[in-house]
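Heads up, the thing below is written out as structure tokens.
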Amino acid sequence: MMLFSHLVFDAGSIKILQRAFYKNLKEVISEKLSEIHKYKLTTYKDYVHELEINTNIEKIRKYKKSKEYLDILKVIEKNKEKRANNKNLKEYIFEYSFDDNNYPSLSVSEKAEGTALWISLNIAKVVFEENEFAIRIAKNGRQLNNEKFENLIGDCHVHIPMVLKIAEKPISDYINQVNNEYKKFYVDKKIYIEYIAYGNYEGNEEGHEIEKMLVELDFAFNYIGELTDEENELYCTSVNESQQRYSRYFFYAHTNKNKIYIRCRLPENYDNEKIKQ
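Residue 0 is where the sequence shown starts when you use numbering that gives the first Met the number 0, and the numbers rise one by one after that.
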């Protein structure tokens, strides 16, 4: 049940799962799997077990008392009315130039993710007419407790709920803030927030408030990485042709060469010129 329990909120997981499947299939066919990864092979059961043994009532209650969690609740309440305009959200995709020569201290992937996050925050600023948001960021969670799960087919990304504020600061500050939040809870404290919310563990009723918080966040952000030319064309076409409507704000981002693409959900008939400006 844990494998797809939160796909209602994160449809992008389907893309992640699909790409992981083809990546693993290609490695198996080429008989290079054992050569590429020298870590012992693990299963999705091992991954969930790592989450389960590190989840208990004490940790959940500790997280609920944390400044980070309480700050999130405050921003959720503050932006409640702005978030109410979430009926019949339609997906749009916007293209932006991307220069990966900036911020030499960051990897290319971090530069792309940080830039995409900054763009998404500025789009949200226009839509919500706010500059502080409680959001959920999805990151790859395939390394837990010094164990790598890189060969694993499955939904292993993690949820990082946090408050981000638009300010006059470099893009590197945003990605560093995300990385620090991830390190604090997932690495140092081993508080696995998405498992608290959706996992099947003893006393999981304690996680209902966390699940409610994740649902009520202003929006979610998911950087899915670099797409090939073919993948990018198919992806953009599917978004432009889609007639589906949604009830939660979401920003997906990917790169293709020197371009960043932001796929976002906006109120139907929204004046997109406001975004393009």
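Idealized CB from N, CA, C, for every residue including glycine.
message: Check for me: the beta strand (DSSP E) holding ASN221 runs from which residue to which?
response: Residue mapping note: residue 221 aligns to position 222 of the sequence shown, counting from 1. From DSSP, the beta strand (DSSP E) with ASN221 extends over 218 to 225.
task: May I have the straight-line CA-CA distance separating LEU226 from GLU112, to the nearest angstrom?
output: Locating residue 226 in the sequence shown gives position 227, where the first residue counts as 1. Locating residue 112 in the sequence shown gives position 113, where the first residue counts as 1. Cα-Cα distance, rounded: 13 Å.
- prompt: Comparing alpha-carbon positions, which option in TYR62, TYR43, ASP45, TYR46 lies nearest ILE195?
  reply: The residue labelled residue 195 in the question sits at position 196 within the sequence shown. When only C-alpha atoms are compared, the closest one is TYR62.
query: Would the beta-carbon of ILE75 fall within 7 Å of that of ALA137?
result: Taking the sequence shown and counting its residues from 1, the one referred to as residue 75 is at position 76. Taking the sequence shown and counting its residues from 1, the one referred to as residue 137 is at position 138. Taking C-beta atoms as the reference points, ILE75 and ALA137 fail to come closer than 7 Å.
field: Beta-carbon contacts of ILE259 that lie in its chain and below 8 Å, excluding the five residues immediately before and after
entry: Within the sequence shown, residue 259 is the residue found at index 260, counting from 1. The residues are GLU94, TYR95, SER96, PHE97, ALA111, THR114, ALA115, ILE118, ALA252, HIS253.
Where HIS127 sits in the DSSP three-state scheme: Within the sequence shown, the letter at position 128 stands for residue 127. The question names His, but residue 127 in the sequence shown is Phe. Here PHE127 sits in helix by DSSP.
task: State yes or no: is the C-beta of GLU210 within less than 7 Å of the C-beta of ASN87?
output: Taking the first residue of the sequence shown as position 1, residue 210 is located at position 211. Taking the first residue of the sequence shown as position 1, residue 87 is located at position 88. Cβ distance not < 7 Å, so GLU210 and ASN87 don't count as in contact.
- prompt: Can you tell me whether LEU213 is buried or exposed, with buried defined as 16 or more other CB within 10 angstroms of its CB?
  reply: Position 214 of the sequence shown, counted from the start, is the residue given in the question as residue 213. Counting the other Cβ atoms within 10 Å of the Cβ of LEU213 gives 16 or more, which makes it buried.
query: To the nearest angstrom, how far is it from the Cα of TYR102 to the Cα of PHE218?
result: Taking the sequence shown and counting its residues from 1, the one referred to as residue 102 is at position 103. Taking the sequence shown and counting its residues from 1, the one referred to as residue 218 is at position 219. The alpha-carbon atoms of TYR102 and PHE218 are separated by roughly 26 Å.
- request: Out of THR54, TYR245, PRO169, ASN255, point me to the one whose CA is closest to LEU233's CA.
  value: Within the sequence shown, residue 233 is the residue found at index 234, counting from 1. Each of THR54, TYR245, PRO169, ASN255 was checked against the Cα of LEU233, and the nearest Cα belongs to ASN255.
message: As an exercise, report each continuous alpha helix (DSSP H) stretch of at least 4 residues that is fully enclosed by the segment 40 to 86, in chain order.
response: Listed in chain order, they are 43 to 52, 56 to 63, 66 to 77, 79 to 82.
query: According to DSSP, is ILE192 helix, strand or coil?
result: Taking the sequence shown and counting its residues from 1, one reaches residue 192 at position 193. Of the three classes helix, strand and coil, the one that applies to ILE192 here is helix, per DSSP.
- prompt: Among all the DSSP beta bridges, which residues are the ones paired with MET161?
  reply: The sequence position of residue 161 within the sequence shown is 162, counting from 1. For MET161, the pairing in a beta bridge is given by DSSP as ILE134.
query: In three-state terms, what does DSSP make of TYR248?
result: Within the sequence shown, numbered from 1, the residue matching residue 248 stands at position 249. Here TYR248 sits in coil by DSSP.
message: Using a Cβ distance threshold of 8 Å, determine whether the segment 240 to 251 contacts the segment 160 to 178, with at least three qualifying pairs required.
response: Flag = no, the segment 240 to 251 and the segment 160 to 178 do not touch.
- prompt: So is HIS207 buried or exposed if we call it buried at 16+ other beta carbons inside 10 Å?
  reply: Locating residue 207 in the sequence shown gives position 208, where the first residue counts as 1. Label assigned to HIS207: exposed.
query: Going by the beta-carbon positions, is the gap between ILE274 and ILE122 smaller than 7 Å?
result: Numbered from 1 along the sequence shown, position 275 holds the residue referred to as residue 274. Numbered from 1 along the sequence shown, position 123 holds the residue referred to as residue 122. Yes, the Cβ-Cβ distance between ILE274 and ILE122 is below 7 Å.
- request: Report the partner residues of ILE92 according to the DSSP bridge assignment.
  value: Against the sequence shown, residue 92 aligns to sequence position 93. Beta-bridge pairing links ILE92 to ARG262.
task: Consult DSSP for SER4 and reduce its assignment to one of helix, strand or coil.
output: Here residue 4 refers to the residue found at position 5 of the sequence shown. A caution first: SER4 carries a pLDDT of 43, below 50, which makes its placement in the model unreliable, though a value can still be read off. Looking at SER4 - three-state DSSP - the assignment turns out to be coil, as it is neither helix nor strand.
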